[in-house]
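Colleague: Here it is: the structure, laid out below.
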Amino acid sequence: MYHYSDFDEAFVRTRVDQFRDQVARRIDGSLTEDEFKPLRLMNGLYLQLHAYMLRVAIPYGTLNSRQMRQLALIAARWDKGYGHFTTRQNIQFNWPKLADVPDILDALADVDMHAIQTSGNTIRNVTADHFAGAAADEIADPRPFAELLRQWSTDHPEFQFLPRKFKIAITGAAADRAVIAAHDIGLQVIERDGALGFRVLVGGGLGRTPMIGKVVHDFLPQSDLLPYIEAIVSVWNLLGRRDNKYKARIKITVHEHGIDEIARLAEQRFSEIRPGFSGVDQQVLRDIEAQFAAPDFETKPMDCFHAAYDADPVFRSWVDINVSAHKRDDHAIVSISLKKPGATPGDATAAQMDVMAALAEGFGHDELRISHEQNVILPHVARADLPAIHAALKDADLASANIGLISDIIACPGMDYCALATARSIPVAQEIATRFEELKLEHEVGPLKIKISGCINACGHHHVGHIGILGLDRAGVENYQITLGGDGTEDAVIGTRAGPGFAYDEIVPAIERLIQAYLGLREDASETFLQTYRRTGIAPFKAALYPEKENARAA
Amino acid sequence: MSREYTPKVITANHLMLGDAIWLTEDDTWSRDIARAELLTDEAHADMRMLFAKGQPQIAVGPYLAEAEQGALGPVPVHLREVFRTRGPSNRDHGKQVDGAI
């Protein structure tokens, strides 16, 4: 994986020194809060309901064991012993004290990490397929391109005061695990006539006006990546609605001007700036690619894996659910669930982070990934080592076999932490997961994605959940709207709102009625919730959600 | 006749810790909303906000939040403000365990 160059190191250290000075000046009164706030936000420091919150970038969700251990150390030394992995592959610390933040940023710089551009109207952390470099269905590892974009976008002078935030996601596989269609720019690496290039989507996004990205270029040659992305951002930087923050994202610009006009303007701008890209970027890319070379995989005897698989039903279930196909048959991708029923989705304690780091170091070529679904991935492990990995995860309370199932819920921090939230989301996730564990229905129900946001900004991706839950404030009381049929994959669809919302104590029973309806409607156990929904439409699910209405109609 | 003023308290986040604090009658800031000054007159509330805004070394982003008189002092009205008096519901952190010092 990528290691900082001298340039990166000097840049990040300089920023830490600057911020240390800015914090000191805020504390001694030389800076007002109005002056300080944009400076702290440039360094990922928010002020939330109960404390400051530091959002640390995990570029394209990739970490090594040393970095994960440092996150554990930060959680233990300067926070309350845990961190929260987010839906943008970042980590948030919920309780830092202002005076400690410069030291935390220095500790991050020690392991090639920072919190720059995790806030503000800038190009944010570029996210990527969490199976990148390991997936069996991949054309190319997208992370070198993501790193190139990170270097290009970091402190890019033209893009520090954009109309609004800007998010880029990239996948190297046809199966989209990075939700690229819900990003300002989505990139899919594709191959044409033996050459790599990109399918470029623009104008996707969730929030108060959810939109699926539109194709602006169906095959962008690899060497044109930076000038073309720069052209798009540049066009939006001029056209974007700075008069109204709710209309400032590029999705609105694309909607208002039309994709054809945006494509035309981007081409025009591209032709102006393309000559300035002399090929240095491609040289940089080749240097980056060398750092993402596949590890030296070892062939190991599989006997102990087979023996454990045959003998231990708990291990077998975990393998069947949490382990995915690797590009090598004798290897596997392990998804470590941070969704134990009843636990906070995405939270890991310092001790758990240390365990995951040790597993990466001992069995996983020193690589870890954070998924946008708030789980941790060991992308390269020998199948022979799976029994030992499972045993270690069990000891750390990290062995829940529920990836992709009903308790593997995405939830934003919601009203428990977030200053923007209008309702809680974490307890709703906890109660749904706990309820279906009591019912012992999780495996019967099968693949199902529930996603919960505690406000309209949709950090919990509720629009693309098979079942989406949006928590709102209705006259001072929490109220939860349900959307159905959303999909965040390559077949991306925005879910449909089912009807009136539910009170806090009604939402879990409502979800239970939906699931019971699905179990009654499906043709057989192989038909998933989403497939059933697509076959039957929303009507029978609405009937299950609102039985009173149904009864009134029947009467 | 002017409409009756909905009672409010002045609250902010503490500069160093970032946690919720409330302005008291004696010009100090408390971590306990029950010790806050309940403002029942708009003109007086405006004066107190001017004072609060003049305390940037303690209070970040002061604002008026609706409150009611409870048995021990002011209590919050809005759910968000209720959360600020105690901390998150998923973990025993914040004022519910650290206490309203």
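If you read the sequences in order, they're chains A and B. Note that this note's numbering has the first sequence beginning at 15, numbered continuously upward. Note that this note's numbering has the second sequence beginning at 121, numbered continuously upward. Ideal Cβ placement from N, Cα and C applies to all residues, glycine included.
Would you call the CB atoms of Asp501 (chain A) and Leu544 (chain A) closer than 8 Å?
Modeller: By 1-based counting over the first sequence, the position of residue 501 (chain A) is 487. By 1-based counting over the first sequence, the position of residue 544 (chain A) is 530. Yes, the pair counts as a contact, with Cβ atoms nearer than the cut-off.
Colleague: Would you say Val129 (chain B) faces chain A, with C-beta separation under 8 Å as the test?
Modeller: Stepping through the second sequence from its first residue, residue 129 (chain B) is reached at position 9. Cβ-Cβ to chain A under 8 Å: no for Val129 (chain B).
Colleague: Would you report the Cα separation of Gly211 (chain A) and Ala86 (chain A), rounded to the nearest angstrom?
Modeller: As a position in the first sequence, residue 211 (chain A) is number 197, starting the count at 1. As a position in the first sequence, residue 86 (chain A) is number 72, starting the count at 1. C-alpha separation (whole angstroms): 38 Å.
Colleague: Does any CB atom of chain A fall closer than 8 Å to the CB of Ile221 (chain B)?
Modeller: Translated into positions along the second sequence, residue 221 (chain B) becomes position 101. Per-residue confidence for Ile221 (chain B) stands at a pLDDT of 45, beneath the threshold of 50, marking its modelled position as unreliable; no derived number is given.
Colleague: Taking just the CA atoms, how far does Phe107 (chain A) sit from Tyr260 (chain A)?
Modeller: As a first step, residue 260 (chain A) is located in the first sequence; it is residue number 246 there, counting from the start. As a first step, residue 107 (chain A) is located in the first sequence; it is residue number 93 there, counting from the start. Rounded to the nearest angstrom, the two C-alpha atoms are 28 Å apart.
Colleague: With a threshold of 8 Å between beta carbons, is Arg438 (chain A) in contact with chain B?
Modeller: Here residue 438 (chain A) refers to the residue found at position 424 of the first sequence. Answer yes: the Cβ-Cβ gap between Arg438 (chain A) and chain B drops below 8 Å somewhere.
Colleague: Thr160 (chain B) and Tyr183 (chain B): beta carbons closer than 8 Å?
Modeller: Numbered from 1 along the second sequence, position 40 holds the residue referred to as residue 160 (chain B). Numbered from 1 along the second sequence, position 63 holds the residue referred to as residue 183 (chain B). Cβ atoms of Thr160 (chain B) and Tyr183 (chain B): not closer than 8 Å.
Colleague: Quick one, which of A:Ala443, A:Leu122, A:Ala160 has its alpha-carbon nearest Gly468 (chain A)'s?
Modeller: Reading the first sequence from its first residue, position 454 is the one you call residue 468 (chain A). Looking at the Cα atoms, A:Ala443 is the closest of the given residues.
Colleague: What beta strand (DSSP E) runs, 3 residues minimum, are completely inside the segment 84-127 of chain A?
Modeller: DSSP runs (the beta strand (DSSP E)) wholly in the segment 84-127 of chain A: 96-99, 105-107.
Colleague: At what residue ranges does the segment 371-425 of chain A contain a whole run of the alpha helix (DSSP H), taking only runs of 4 or more?
Modeller: You should have 400-409.
Colleague: Nearest CA to the CA of Glu47 (chain A): which residue from B:Ala156, B:Asn133, B:Glu157?
Modeller: Your numbering for residue 47 (chain A) matches position 33 in the first sequence. That would be B:Asn133, whose Cα lies nearest to the Cα of Glu47 (chain A).
Colleague: Tell me whether the segment 150-167 of chain A and the segment 84-101 of chain A touch, counting them as touching only if at least three CB pairs, one residue from each stretch, are closer than 8 Å.
Modeller: Touching, no, given that fewer than three Cβ pairs across the two stretches are closer than 8 Å.
Colleague: Which residue marks the beginning of the alpha helix (DSSP H) containing Asp35 (chain A), and which one marks its end?
Modeller: Stepping through the first sequence from its first residue, residue 35 (chain A) is reached at position 21. Segment 20-41, the alpha helix (DSSP H) holding Asp35 (chain A).
Colleague: Leaving aside the five residues before and after Asp368 (chain A) along the sequence, list all residues of the same chain whose C-beta is less than 7 Å from its C-beta, in chain order.
Modeller: Here the question's residue 368 (chain A) lines up with position 354 in the first sequence. Excluding residues within five positions, the ones whose Cβ falls inside 7 Å are Arg83, Ala86.
Colleague: In the DSSP assignment, what are the bridge partners of Leu61 (chain A)?
Modeller: Start at 1 with the first residue of the first sequence, and residue 61 (chain A) comes out as number 47. A:Tyr66.
Colleague: How is the beta strand (DSSP E) around Gly551 (chain A) delimited, first residue to last?
Modeller: Numbered from 1 along the first sequence, position 537 holds the residue referred to as residue 551 (chain A). Looking at the DSSP string, Gly551 (chain A) is not in any beta strand (DSSP E), and its letter there is neither H nor E.
Colleague: Looking at the C-beta of Val217 (chain B), does it have a partner C-beta in chain A at a distance below 8 Å?
Modeller: Counting from 1 along the second sequence, the entry for residue 217 (chain B) is found at position 97. Cβ-Cβ to chain A under 8 Å: no for Val217 (chain B).
Colleague: Distance cutoff 8 Å, beta carbons only. Does Asp411 (chain A) sit that close to anything in chain B?
Modeller: Taking the first sequence and counting its residues from 1, the one referred to as residue 411 (chain A) is at position 397. Not closer than 8 Å to any Cβ of chain B, the Cβ of Asp411 (chain A) fails to qualify, so no.
Colleague: When DSSP labels each residue in this structure, what does Ser285 (chain A) get in the three-state scheme?
Modeller: To locate residue 285 (chain A), count along the first sequence from 1; it is residue 271. Correct three-state label for Ser285 (chain A): helix.
Colleague: How close, in whole Å, do the beta carbons of Asn389 (chain A) and Leu352 (chain A) come, if the pair is a contact with beta carbons under 8 Å?
Modeller: Within the first sequence, numbered from 1, the residue matching residue 389 (chain A) stands at position 375. Within the first sequence, numbered from 1, the residue matching residue 352 (chain A) stands at position 338. Confirmed, about 5 Å.
Colleague: Determine, using beta carbons only, whether Tyr96 (chain A) and Ala364 (chain A) come nearer to each other than 8 Å.
Modeller: Here residue 96 (chain A) is taken as the residue at index 82 of the first sequence, counted from 1. Here residue 364 (chain A) is taken as the residue at index 350 of the first sequence, counted from 1. Contact: yes.
Colleague: Between the beta-carbon of Pro570 (chain A) and the beta-carbon of Leu68 (chain A), is there less than 8 Å?
Modeller: This structure leaves residue 570 (chain A) out entirely; chain A is present only between 15 and 569.
Colleague: What separation, rounded to the nearest whole angstrom, lies between the Cα atoms of Val348 (chain A) and Val333 (chain A)?
Modeller: Against the first sequence, residue 348 (chain A) aligns to sequence position 334. Against the first sequence, residue 333 (chain A) aligns to sequence position 319. Distance between the alpha carbons of Val348 (chain A) and Val333 (chain A) is about 8 Å.
Colleague: Any residues in the segment 145-176 of chain B with a beta carbon nearer than 9 Å to a beta carbon of chain A? Which ones, in chain order?
Modeller: The residues in question are Pro176.
Colleague: Mind listing the chain A neighbours of Ala140 (chain B)? Cutoff is C-beta to C-beta under 8 Å, in chain order.
Modeller: Locating residue 140 (chain B) in the second sequence gives position 20, where the first residue counts as 1. Neighbours of Ala140 (chain B) on chain A, chain order: Leu63, His64.
Colleague: Measuring CB to CB, does His144 (chain A) end up less than 8 Å from Ile391 (chain A)?
Modeller: Taking the first residue of the first sequence as position 1, residue 144 (chain A) is located at position 130. Taking the first residue of the first sequence as position 1, residue 391 (chain A) is located at position 377. Cβ atoms of His144 (chain A) and Ile391 (chain A): closer than 8 Å.
Colleague: What separation, rounded to the nearest whole angstrom, lies between the Cα atoms of Trp142 (chain B) and Gly207 (chain B)?
Modeller: To locate residue 142 (chain B), count along the second sequence from 1; it is residue 22. To locate residue 207 (chain B), count along the second sequence from 1; it is residue 87. Roughly 15 Å between the two C-alpha positions.
Colleague: Checking 8 Å against the spacing of the C-beta atoms, do Ser331 (chain A) and Arg283 (chain A) come in under that value?
Modeller: Here residue 331 (chain A) is taken as the residue at index 317 of the first sequence, counted from 1. Here residue 283 (chain A) is taken as the residue at index 269 of the first sequence, counted from 1. Going by C-beta atoms, Ser331 (chain A) is not nearer than 8 Å to Arg283 (chain A).
Colleague: Per DSSP, Asn336 (chain A) forms a beta bridge with which residues?
Modeller: As a working note, residue 336 (chain A) is residue 322 in the first sequence. Answer by DSSP bridge pairing: none, since Asn336 (chain A) is not bridged.
Colleague: Closer than 9 Å by beta-carbon distance: list the chain A residues that pair up with Arg204 (chain B), in chain order.
Modeller: What you label residue 204 (chain B) is simply residue 84 of the second sequence in a count that begins at 1. Near Arg204 (chain B) (Cβ distances below 9 Å), the residues of chain A are Leu63, His64.
Colleague: Run the CB neighbour count on Ser292 (chain A), radius 10 Å, all protein chains shown included, and call it buried at 16 or more, exposed below.
Modeller: As a working note, residue 292 (chain A) is residue 278 in the first sequence. So Ser292 (chain A) counts as exposed.
Colleague: From the DSSP output, read off the bridge partner residues of Arg5 (chain A).
Modeller: Since the displayed chain A opens at 15 and closes at 569, residue 5 (chain A) lies outside it and no answer follows.
Colleague: Going by beta carbon distance, what residues of the same chain come within less than 8 Å of His17 (chain A), once the five residues before and after it are set aside?
Modeller: Position 3 of the first sequence holds residue 17 (chain A). Excluding residues within five positions, the ones whose Cβ falls inside 8 Å are Asp126, Gln305.
Colleague: Is DSSP giving His134 (chain B) helix, strand or coil here?
Modeller: Stepping through the second sequence from its first residue, residue 134 (chain B) is reached at position 14. His134 (chain B) falls in the strand class under three-state DSSP.
Colleague: Can you tell which of B:Lys128, B:Val217, B:Ala179 has the C-alpha that lies nearest to the C-alpha of Ala154 (chain B)?
Modeller: Translated into the one-based positions of the second sequence, residue 154 (chain B) becomes position 34. With distances taken between Cα atoms, Ala154 (chain B) lies closest to B:Lys128.
Colleague: Which whole runs of the beta strand (DSSP E) in the segment 264-318 of chain A are 3 residues long or more, in chain order?
Modeller: Qualifying beta strand (DSSP E) stretches: none in this window.
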